[in-house]
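Novice: Provided herewith is a single structure, encoded as structure tokens, for subsequent inquiry.
In full-length UniProt numbering, the protein residues as written are 1 to 1122.
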């Protein structure tokens, strides 16, 4: 049973004594047993040191497994117990998508009642042992007490109370401790891939390849150091999101005291004023007295400041605080900013007026338990960062290992036929063959492709914090809100002018853009103290006396306003103005107009946001007792004042982007908080749904049964009907309410229909996250596009999450700025060009989003507000994915050829000279570099790339190409052998693989012999060069996902240049070139054979690859099951 939403289960352990550790005690027994067996039982002295070495490697591997797996560490180094009092360590297993299993320390302390409190901290959240329930639970914060408790609270009256609270809750800190560089490097250096590479380098050192080994080790260390520095920069960006302590006043011991905000604890009474500079609210606070206007953009992404009212306005003092329903109006969240505050009107006997005359608030939650803390927790621990070393790479390496084992077996069998050959040298060579299937340059080559994409995206204004998510984009909502008000009647004007949440902040009116647009449309202005007056109209101005703010659960807003009667002097008329969802306002009307339902449903079906307006005149109001006025008194016996219809035009490029995505075989789904009818209309306008075929899962008001109902109510399909017929006949729309119902009661139906849903409407941020996670669990690749932090959960869990900055520039505006620069003076133009050049150079090293440029929560962030970034990311993702897959094909072919050359050719003693190996290595590195610089095409193709390494096309083309290369190599070696004496062949020194790595001969004395060029090694070098260039050019994919070989000029020129060098070496046209690379002159007869083999090998490989591509090479669109 799960502890909460974060932790699934916990297990208690005590550590074993070091002598009985599973990675020590058994191996001590093994060392002693092997020694006894070798020296006293059997005559195996020659095998003693290899045996000891094997046991040592096994022990090291076992110790490393304790780092790699928490469960393995617990098994070997700990003993499970069932008493919290005797436990020392806790293994914490989180719920899915909430981090990793960890082994954390169990702590305890004595409280003031001398009771032992046992606790541990996981992901910065504190959990305490409950001895009665025999389980751990998170801290209980005072967030559900009665309203009376908060209103009458006087803070901490004694130091003992304060000390008890501080001991339990700790300090109010959001400190993220940055690990040291050395600690992070050690963590990466103990990763399986890195350990294996170091092991290979050690083997090369034993084989006397010191320079190559040390150079490779330096390259790997530099690469890992770069990744560690990038990780530290990312963590520093996240740490900067935490609050810095600020000075404020706290009410303790019946006095106000100035303290730092990190000393606050739940239960404190504090004074909050307008923020200075970049100061934020330090913790989650309940507003007791006074009112505030708060900027919550950090947490919700909403740029509109929110009005917060004190809880003292609530008349029902006995009801408990409901955090979910009361948070929008009464709670100040940590990380938000108070942009304006109004001091309490009166001072109560409980708490004196604060010295800074601020609003009085009650501390609810502190530290990582606050809303901002939860956001940081999601960013830090919510989902695993993607890396290049995934399971598919491991499986591909294991596949290649089969051929390496066969080659090593051949070498061992042939080598043991000679009793004079060193078994140590033979074992070393066999081990080198086995390890050659993982080239040391593999992580660097994959990073080249990914980093090239990062630079390309950054120049498009898209920044990436998780680079290895880019290939996922190769295999992976949008929305719209008529306002004719010129001749509206006076009643309607009064409702529009008074019923809103706009406030005057300095010289600016802030609030909902729709409400601001409505006020401008009727030509009224808002001034201080909530006075609203017309600019030209003769309608008397209004004064807002009381507001009951909009609630998503109530779907309405009410306002009490007053104005002077123009006909009777000194007569004040009070009116109640109400606006909200038409279906809600309908029940409050005295008389319901004809065609009420059909009118608003038709308007909503056109994609407009429809609000119903209503009003009534109130009886005499006691203005001194407005606090006791209840909402229900305003929201009854109302007179209909009309509908206000609001629409917002789509962005210019939205329709084109959606069209391109659909044309490129992507499924498009809208996830929005808007009304379902509005969302369906927008989806139809964007052409990713069919017109007049939307059905929405709705709860029937008649029989309380869920039906699929059309927007005109003409179609009604039962929930448990034929799903196949349902999804084929209609476009499905699912609201947040319907989603919750299906999740709780019909999860199997939800799993079947969720991939077919075109529109998700009225969904909360957590529900967005749920949708993305479920689609991933069903095996779909997801790309989520949102406006930043309020979608952090969904953005983090999607394979590709793109945050679009709500305040970013439109790309068209940026282009205008660029053209405007051309009209400046020549001197200024040169200066600007230099600045732009320096900026581009600076962007070359960009790996994380700079603070303030984007949301660090999303793997990708666009600094433009345009959705074209989605197409850019997919194009670059497809290009990177195809580049990565073709790199794996090339590496596979090189590994297979190396397995042959290091075994069969090694026995025959064929090797290359230093100059030959150097040339081959340089060309290999250049080819990989130029492939990684491939650019995507400007238009998305309907054809989909293959999503993974393991597919029929990749395996078949690799094996068939290898067969052709293998036959060419064997035939050429055989023909070359006919031109030299057999005794010369037997004296040729050690073989060299067709890769950069030289492999020494089995006879240790051969490795010191001087290289002597002959027909065989010259021919093998030329064909190995041909195989290399053939492997790159044939397996380069090109269109329809990226530039083809002719368009990739650097790769084309390097390929053409290499072919010319091979031709010159084969024909002997440049004697100096042949002498420099130690190539012998061939006879005319052999030269014809050599050129013919080279041409046929290239042509055959090309035909095989294109045949496999034609048969199996196109990615299939995943058919959605029903």
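Backbone N, C-alpha and C fix where the C-beta goes; we use that ideal spot for every residue, glycine too.
1. Could you tell me which whole alpha helix (DSSP H) segments of length 4 or greater appear in the segment 311-361?
2. What runs of the beta strand (DSSP E), each 3 residues or longer, lie entirely inside the segment 115-178?
3. Where residue 740 and residue 750 are concerned, what is the direct C-alpha to C-alpha distance, given to the nearest angstrom?
4. Based on DSSP bridge pairs, tell me the residues matched to residue 799.
5. Take every Cβ of the segment 628-639, pair it with every Cβ of the segment 665-679, and state whether three or more of those distances are shorter than 8 Å.
6. Please report the Cβ distance between residue 501 and residue 490, rounded to the nearest whole angstrom; I am assuming they are in contact, meaning their Cβ atoms lie under 8 Å.
7. So, with DSSP's three-state summary, where would you put residue 566?
8. In whole angstroms, give me the CA-to-CA distance for residue 526 and residue 498.
9. Over what stretch of residues does the beta strand (DSSP E) that includes residue 272 continue unbroken?
10. Can we say the segment 303-319 touches the segment 273-292, given the rule of at least three CB pairs closer than 8 Å?
11. Is it buried or exposed for residue 18, if we count other Cβ within 10 angstroms and need 16 for buried?
12. Identify whether residue 82 lies in helix, strand or coil by the three-state DSSP scheme.
13. Distance, Cα to Cα, residue 106 vs residue 66?
14. Which of the three DSSP states, helix, strand or coil, is assigned to residue 409?
15. Restricting to Cα atoms, I'd like to know which of 531, 1088, 355 is closest to residue 258.
16. Could you spell out where the beta strand (DSSP E) holding residue 609 opens and where it closes?
17. Less than 8 Å separating the beta-carbons of residue 556 and residue 585?
18. Mind checking whether the beta-carbon of residue 1035 lies closer than 7 Å to any heavy atom of the ligand FAD?
19. Within this structure, are the beta carbons of residue 495 and residue 609 separated by less than 8 Å?
20. Might you give, ordered along the chain, the residues of its own chain that have their beta carbon closer than 8 Å to the beta carbon of residue 1090, omitting 5 neighbours on each side?
21. Of all the alpha helix (DSSP H) runs that stay within the bounds of the segment 743-797, which reach a length of 4 or more residues?
22. Within 10 angstroms of the Cβ of residue 4, are there 16 or more other Cβ atoms? Answer buried if so, exposed if not.
23. I want to know whether the segment 165-175 touches the segment 354-373 - three or more CB-CB distances under 8 Å.
24. Just checking my contact of residue 643 with residue 599 at CB under 8 Å: how many whole Å lie between their CB atoms?
25. On the three-state DSSP scale, how would you describe residue 1108?
26. Which residue wins for smallest C-alpha separation from residue 1063, given the options 1041, 1088, 111?
27. Tell me which residues share the same chain as residue 966 and place their Cβ nearer than 7 Å to its Cβ, disregarding the 5 neighbours each side in the sequence.
28. Checking the sheet assignment: what are the DSSP bridge partners for residue 561?
29. Taking the beta strand (DSSP E) that residue 94 falls in, what are its first and last residues?
30. Look up residue 524 in the DSSP assignment and give the residues it is bridged to.
31. Out of 164, 156, 72, 154, state which residue places its alpha-carbon closest to the alpha-carbon of residue 111.
32. With contact counted as at least three CB pairs below 8 Å, one residue from each stretch, are the segment 183-196 and the segment 58-73 in contact?
33. May I have a chain-ordered list of the alpha helix (DSSP H) segments no shorter than 4 residues that lie completely inside the segment 485-511?
34. Between 35, 887, 1042, 143, which has its C-alpha nearest residue 875's C-alpha?
35. Quick one: using the 10 Å Cβ neighbour count with 16 as the cut-off for buried, is residue 1077 buried or exposed?
36. Is it the case that the Cβ atoms of residue 428 and residue 408 are separated by a distance below 8 Å?
Specialist: Put simply:
1. 323-330
2. 116-122, 125-130, 135-138
3. 10 Å
4. None, per the DSSP bridge assignment.
5. no
6. About 22 Å separates the two Cβ atoms, so there is no contact after all.
7. coil
8. 10 Å
9. 269-272
10. yes
11. exposed
12. coil
13. 20 Å
14. helix
15. 355
16. 609-617
17. yes
18. Judged by which ligands are present, the structure shown has none, so any question about the ligand FAD falls away.
19. no
20. 972, 1019, 1022, 1023, 1066, 1082
21. 747-753, 765-777, 792-797
22. exposed
23. yes
24. 7 Å
25. helix
26. 1088
27. 900
28. 544, 575
29. 89-94
30. 534
31. 164
32. yes
33. 490-498
34. 1042
35. buried
36. no
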